[in-house]
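Trainee: Take a look at the following structure, please.
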Amino acid sequence: MTPLKPVGRARKVALGVAFFVLFVAAWSAATLGGFVSKTFLADPLTMLAEGWGLFAEHGFAKDVGITVWRVLGGFVLAAVLGVPLGIAMGAFKPVEAFFEPFVSFARYLPASAFIPLLILWAGIGEAQKLLVIFIGVFFQIVLMVAVTVGSTRRDLVEAAYTLGAGAHGIVRRVLLPNAAPQIAETLRLVLGWAWTYVIVAELIGASSGIGHMITDSQALLNTGQIIFGIIMIGLIGLVSDFAFKWANQRLFPWGLQ
Amino acid sequence: MHAVDRRARAAAAPGRPIVSKLVIDGVGRTFPGVNGGAPTLALTPISFDVADNDFITILGPSGCGKSTLLRIVAGLDRPTAGRVCLDGADVSGPGADRGMVFQSYTLFPWLTVEENVRFGLREKRMPAAEQADVARHWIHKVGLDGFARHYPKMLSGGMQQRTAIARALANAPKILLLDEPFGALDHQTRGLMQELLLGIWESEKTTVLFVTHDIEEAIFMASRVLVISARPGRIKADVAVTLPHPRHYTVKTTPGFSALKARLTEEIRAEALKVEGVVLPGG
Chain A
5 MTPLKPVGRA RKVALGVAFF VLFVAAWSAA TLGGFVSKTF LADPLTMLAE
55 GWGLFAEHGF AKDVGITVWR VLGGFVLAAV LGVPLGIAMG AFKPVEAFFE
105 PFVSFARYLP ASAFIPLLIL WAGIGEAQKL LVIFIGVFFQ IVLMVAVTVG
155 STRRDLVEAA YTLGAGAHGI VRRVLLPNAA PQIAETLRLV LGWAWTYVIV
205 AELIGASSGI GHMITDSQAL LNTGQIIFGI IMIGLIGLVS DFAFKWANQR
255 LFPWGLQ
Chain B
450 MHAVDRRARA AAAPGRPIVS KLVIDGVGRT FPGVNGGAPT LALTPISFDV
500 ADNDFITILG PSGCGKSTLL RIVAGLDRPT AGRVCLDGAD VSGPGADRGM
550 VFQSYTLFPW LTVEENVRFG LREKRMPAAE QADVARHWIH KVGLDGFARH
600 YPKMLSGGMQ QRTAIARALA NAPKILLLDE PFGALDHQTR GLMQELLLGI
650 WESEKTTVLF VTHDIEEAIF MASRVLVISA RPGRIKADVA VTLPHPRHYT
700 VKTTPGFSAL KARLTEEIRA EALKVEGVVL PGG
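Top to bottom, those sequences are chains A and B.
Counting the first sequence from 1 gives a position; this note's numbering is that position plus 4.
Counting the second sequence from 1 gives a position; this note's numbering is that position plus 449.
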């Protein structure tokens with residue numbers, strides 16, 4: 005292998021698929037071959053059967069739907085408030101000086117540790133679930149957007165000034181379009197974290213959702229259902245990731261790649 | 450030589466009222482010391498006037514403060530002494546009346562060539578149809594017909610700088626400032642760019658201030674060359690270039706050109722030696 009030498013498209017896909025095949029093969033060998041007890045790890049076939057049962061008999065589609073709704077709700081809420089604040093911080097240094105120390109501190113507060121408090125404040129309804137996700141991702145979005153906007157190339161800003169742009173023009177016509185692809189990339193990354201927080205929120209004090217199903221299955225020692233739930237999350241994450249990447253390339257043809 | 454004539458004339462008639470587009474009046478720049486260190490003098494206060502439609506090149510070794518001077522004229526940096534006057538008005542910040550082309554590629558990567566050229570026009574709220582006309586004119590002038598819808602990353606370095614020149618001139622600035630605009634280009638491309646810019650100047654007659662460290666470039670483009678000394682920068686020589694227009698690249702091999710080049714080479718070499726602190730064998 006030559007360092008940094010690109011691989012062809014077909015070969016790249018084949019290599020990527022190969023890992024999944026090897027992974028499932030190793031899992032099958034370990035479980036079906038009798039090396040690991042069924043109590044601890046279900047085999048792939050049982051997992052699929054359990055998954056089918058979840059959808060057919062336990063209305064799992066509704067759980068998946070509600071979890072997706074929570075993730076999107078909390079994520080959109082955080083993005084709608086976080087992106088503008090991040091832009092304001094990146095563009096205007098006094099705004100940054102005002103918010104940055106607090107946001108940097110709040111970023112390290114573990115969202116899951118807020119769950120008991122949030123249950124006290126917001127009950128165990130949807131508001132509490134959305135808040136967990138919001139706390140988990142809002143401060144990250146603010147900080148990453150602020151850094152992106154703040155690191156705009158100075159010579160681009162100066163060029164815009166010499167073309168007659170004022171403060172408003174600089175923000176709207178230079179800082180925003182310049183940061184847009186990176187902001188979209190940040191949101192793609194953060195959406196992944198939102199998925200982690202939703203499951204944590206659903207493990208405690210929830211009566212629906214993928215996380216709730218996983219806790220129920222734990223009580224029954226049904227590892228097949230647990231693994232199916234986890235894989236489900238992975239698949240939804242993968243789909244949303246592809247959708248984001250596709251949209252980014254459409255929206256910002258000049259950008260990343 | 451005409452260069453000498455001009456200097457003699459200037460000395461004979463000090464303060465003679467001439468139409469000065471741009472007045473640099475005792476402009477100096479000191480950067481504050483870092484970590485309590487001594488402040489750095491980047492530019493000793495210098496003064497000179499620029500006549501309307503003049504093409505002035507500012508020639509100096511790196512670090513002589515010539516870019517600082519240009520940035521002060523553009524309003525991107527503030528002088529710590531003196532003032533800059535354009536058409537009788539003090540310069541206090543950047544503005545559309547002073548177009549600038551930078552050494553680094555500063556096209557907006559998210560805009561096409563045409564949208565880049567229209568950037569300043571849109572900022573002026575010019576009607577869209579008129580914007581399109583102006584953009585088409587300048588894209589044609591810099592020889593980029595057919596590239597209007599290309600994004601900057603699809604263009605070569607020379608094409609990007611041509612677009613940057615079109616973008617600056619589309620704004621109809623009172624003066625065009627260029628900070629080593631061809632410094633990052635290869636030798637052949639640089640030669641072509643010089644001819645293109647000079648051709649535009651010969652047909653449009655705008656006032657130009659062009660910073661470079663390339664002696665040939667300084668002579669070929671200019672009607673007047675200012676040599677700036679090594680840090681702290683001050684004007685070391687003020688040389689008129691009277692080579693005829695339109696100038697063809699072959700002028701670079703004429704005796705008149707060579708004589709100017711020999712003279713400026715001597716001036717600039719002394720400065721370069723000072724900067725590098727080099728003592729050459731036998732010297």
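Yeah, the Cβ is synthetic: ideal placement off N, Cα and C, and Gly gets one too.
Mind listing which residues of the segment 538-554 of chain B have their C-beta closer than 7 Å to chain A's C-betas, in chain order?
Mentor: So the close ones are Pro-543, Gly-544, Ala-545, Arg-547, Gly-548, Met-549, Phe-551, Ser-553.
Trainee: Between A/Ala-223 and chain B, is the shortest Cβ-Cβ distance under 8 Å, so that the two count as touching?
Mentor: Within the first sequence, the letter at position 219 stands for residue 223 of chain A. No, no contact with chain B.
Trainee: In whole angstroms, what is the alpha-carbon distance linking A/Phe-23 and A/Ala-30?
Mentor: Position 19 of the first sequence holds residue 23 of chain A. Position 26 of the first sequence holds residue 30 of chain A. Taking the straight line from one Cα to the other gives about 10 Å.
Trainee: For the beta strand (DSSP E) containing B/Met-549, name the first residue and the last one.
Mentor: The residue given as residue 549 of chain B occupies position 100 in the second sequence. Run containing B/Met-549: 547-550, per the beta strand (DSSP E) assignment.
Trainee: Using a Cβ-Cβ cut-off of 8 Å, state whether B/Lys-573 counts as contacting chain A.
Mentor: Numbered from its first residue, the second sequence carries residue 573 of chain B at position 124. It does: the Cβ of B/Lys-573 has a partner Cβ on chain A nearer than 8 Å.
Trainee: Just the C-alpha distance for B/Ile-624 and B/Ile-473, rounded to the nearest angstrom, thanks.
Mentor: Locating residue 624 of chain B in the second sequence gives position 175, counting from the first residue. Locating residue 473 of chain B in the second sequence gives position 24, counting from the first residue. Going by the C-alpha atoms only, they are around 13 Å apart.
Trainee: Here's the rule I'm using: 16 or more other beta-carbon atoms within 10 Å means buried, otherwise exposed. How should A/Ala-164 be labelled?
Mentor: For the purposes of this step, residue 164 of chain A is identified with residue 160 of the first sequence, where counting begins at 1. Classification of A/Ala-164: buried, given that the 10 Å Cβ count is 16 or more.
Trainee: Please state whether DSSP places B/Leu-628 in a helix, a strand or coil.
Mentor: Taking the second sequence and counting its residues from 1, the one referred to as residue 628 of chain B is at position 179. Per the sequence shown, residue 628 of chain B should be read as Asp rather than Leu. Three-state DSSP puts B/Asp-628 in a strand.
Trainee: Anyone know if the C-beta pair for A/Pro-48 and A/Val-28 falls short of 8 Å?
Mentor: Here residue 48 of chain A refers to the residue found at position 44 when the first sequence is read from its first residue. Here residue 28 of chain A refers to the residue found at position 24 when the first sequence is read from its first residue. It is a contact, given that the beta carbons lie within the stated cut-off.
Trainee: Quick one: any contact between the segment 527-535 of chain B and the segment 576-594 of chain B, if contact means 3 or more CB pairs under 8 Å?
Mentor: With a cut-off of 8 Å, the segment 576-594 of chain B and the segment 527-535 of chain B do not count as touching, because too few Cβ pairs lie within range.
Trainee: For the ligand PLP, is there a heavy atom less than 7 Å away from the beta-carbon of B/Phe-659?
Mentor: The model depicted lacks the ligand PLP and carries no ligand whatsoever.
Trainee: Helix, strand or coil for A/Ser-155, going by three-state DSSP, please let me know.
Mentor: Counted from its first residue, the first sequence places residue 155 of chain A at position 151. It is coil, neither helix nor strand.
Trainee: List, from N- to C-terminal side, the beta strand (DSSP E) runs of 3 residues or more that fit wholly inside the segment 666-716 of chain B.
Mentor: The segment 666-716 of chain B contains these whole beta strand (DSSP E) runs: 673-677, 684-689.
Trainee: Which residues, in order along the segment 171-199 of chain A, keep a beta-carbon less than 9 Å from a beta-carbon of chain B?
Mentor: From the segment 171-199 of chain A, only Gly-173, Arg-177, Val-178, Pro-181, Asn-182, Ala-184, Pro-185 have a Cβ closer than 9 Å to chain B.
Trainee: Answer yes or no: do A/Phe-256 and A/Ala-188 have a C-beta to C-beta separation smaller than 8 Å?
Mentor: Within the first sequence, numbered from 1, the residue matching residue 256 of chain A stands at position 252. Within the first sequence, numbered from 1, the residue matching residue 188 of chain A stands at position 184. Against a cut-off of 8 Å, the Cβ pair of A/Ala-188 and A/Phe-256 comes out as a contact.
Trainee: Is there at least one Cβ from chain A nearer than 8 Å to B/Phe-480's Cβ?
Mentor: For the purposes of this step, residue 480 of chain B is taken as residue 31 along the second sequence, with counting starting at 1. No, because no Cβ of chain A sits closer than 8 Å to the Cβ of B/Phe-480.
Trainee: Could you list which residues in chain B have their beta carbon closer than 7 Å to that of A/Gly-168, in chain order?
Mentor: For this step, residue 168 of chain A is matched to residue 164 along the first sequence. The contacting residues are Gly-544, Ala-545, Gly-569, Glu-572, Lys-573, Asn-620.
Trainee: Could you compute how far the alpha carbon of A/Leu-242 sits from the alpha carbon of A/Val-202?
Mentor: Residue numbering aside, residue 242 of chain A sits at position 238 when the first sequence is read from its first letter. Residue numbering aside, residue 202 of chain A sits at position 198 when the first sequence is read from its first letter. Those two C-alpha atoms are separated by around 16 Å.
Trainee: Measure from the C-beta of A/Leu-3 to each C-beta in chain B and report whether the shortest distance is under 8 Å.
Mentor: Chain A is shown only over 5 to 261; residue 3 of chain A falls outside these bounds and no answer can be derived.
Trainee: Is it true that the CB of A/Asp-67 sits closer than 8 Å to the CB of A/Ser-212?
Mentor: Taking the first residue of the first sequence as position 1, residue 212 of chain A is located at position 208. Taking the first residue of the first sequence as position 1, residue 67 of chain A is located at position 63. Yes, they are a contact pair.
Trainee: Verify whether the separation of the beta carbon atoms of B/Gly-485 and B/Tyr-554 is less than 8 Å.
Mentor: Working through the second sequence from its first residue, we reach residue 485 of chain B at position 36. Working through the second sequence from its first residue, we reach residue 554 of chain B at position 105. No. Outside cutoff.
Trainee: Tell me which residues share the same chain as A/Ala-169 and place their Cβ nearer than 8 Å to its Cβ, disregarding the 5 neighbours each side in the sequence.
Mentor: For the purposes of this step, residue 169 of chain A is identified with residue 165 of the first sequence, where counting begins at 1. So the qualifying residues of the chain are Arg-177, Val-178.
Trainee: How should B/Phe-480 be labelled, buried or exposed, when 16 other C-beta atoms within 10 angstroms of its C-beta is the threshold for buried?
Mentor: On the second sequence, residue 480 of chain B is found 31 positions in, with the first residue counted as 1. With fewer than 16 other Cβ atoms within 10 Å, it is exposed.
Trainee: Are any of the Cβ atoms in chain B nearer than 8 Å to that of A/Ala-95?
Mentor: Within the first sequence, the letter at position 91 stands for residue 95 of chain A. Not one chain B Cβ lies under 8 Å of A/Ala-95.
Trainee: DSSP three-state label for A/Arg-111, please.
Mentor: In the first sequence, counting from the first residue as 1, residue 111 of chain A sits at position 107. Three-state result, A/Arg-111: coil.
Trainee: Check the Cβ of B/Pro-630 against every Cβ in chain A and list those closer than 8 Å, keeping chain order.
Mentor: Translated into positions along the second sequence, residue 630 of chain B becomes position 181. Going along chain A, no residue has its Cβ under 8 Å from B/Pro-630, so there is no contact; the nearest lies around 12 Å.
Trainee: How about B/Ala-462: is its C-beta nearer than 8 Å to some C-beta of chain A?
Mentor: For the purposes of this step, residue 462 of chain B is identified with residue 13 of the second sequence, where counting begins at 1. Below a pLDDT of 50, predicted positions are generally treated as unreliable, and B/Ala-462, at 43, falls in that range; the measurement from the model is reported next regardless. Taking Cβ atoms only, chain A never reaches closer than 8 Å to B/Ala-462, which makes this a no.
Trainee: Measuring straight from C-alpha to C-alpha, what distance separates A/Thr-50 and A/Phe-232?
Mentor: What you label residue 50 of chain A is simply residue 46 of the first sequence in a count that begins at 1. What you label residue 232 of chain A is simply residue 228 of the first sequence in a count that begins at 1. Rounded to whole angstroms, A/Thr-50 to A/Phe-232 spans 10 Å at the Cα level.
Trainee: Assuming contact is defined by CB atoms lying nearer than 8 Å, are B/Leu-508 and B/Pro-681 in contact in what I supplied?
Mentor: Taking the second sequence and counting its residues from 1, the one referred to as residue 508 of chain B is at position 59. Taking the second sequence and counting its residues from 1, the one referred to as residue 681 of chain B is at position 232. For B/Leu-508 and B/Pro-681, no; Cβs fall outside 8 Å.
Trainee: Using the rule of at least 16 other Cβ atoms within 10 Å of the residue's Cβ for burial, across every protein chain shown, is A/Gly-215 buried or exposed?
Mentor: For the purposes of this step, residue 215 of chain A is identified with residue 211 of the first sequence, where counting begins at 1. Flag for A/Gly-215 reads buried.
Trainee: Kindly say whether A/Ala-163, judged by its beta-carbon, lies nearer than 8 Å to any beta-carbon of chain B.
Mentor: Position 159 of the first sequence, counted from the first residue, corresponds to residue 163 of chain A. With 8 Å as the cut-off, A/Ala-163 counts as an interface residue toward chain B.
Trainee: Check each residue of the segment 28-50 of chain A: if its Cβ is closer than 9 Å to any Cβ of chain B, include it; give the result in chain order.
Mentor: Taking 9 Å as the Cβ-Cβ cut-off against chain B, none of the residues of the segment 28-50 of chain A qualify.
Trainee: If the cut is a Cβ gap below 9 Å, which residues of chain A does B/Tyr-600 touch?
Mentor: Counting from 1 along the second sequence, the entry for residue 600 of chain B is found at position 151. Chain A residues near B/Tyr-600: Pro-257, Trp-258.
Trainee: Which residue marks the beginning of the beta strand (DSSP E) containing B/Arg-478, and which one marks its end?
Mentor: For the purposes of this step, residue 478 of chain B is taken as residue 29 along the second sequence, with counting starting at 1. 469-480 is the extent of the beta strand (DSSP E) around B/Arg-478.
Trainee: Can you look up B/Arg-455 in the DSSP assignment and give me helix, strand or coil?
Mentor: One-based indexing of the second sequence puts residue 455 of chain B at position 6. With a pLDDT of 45 at B/Arg-455, under the threshold of 50, the predicted position of this residue should be treated as unreliable, though the coordinate-derived value follows. In the structure shown, B/Arg-455 sits in a helix (DSSP, three-state: H, G or I).
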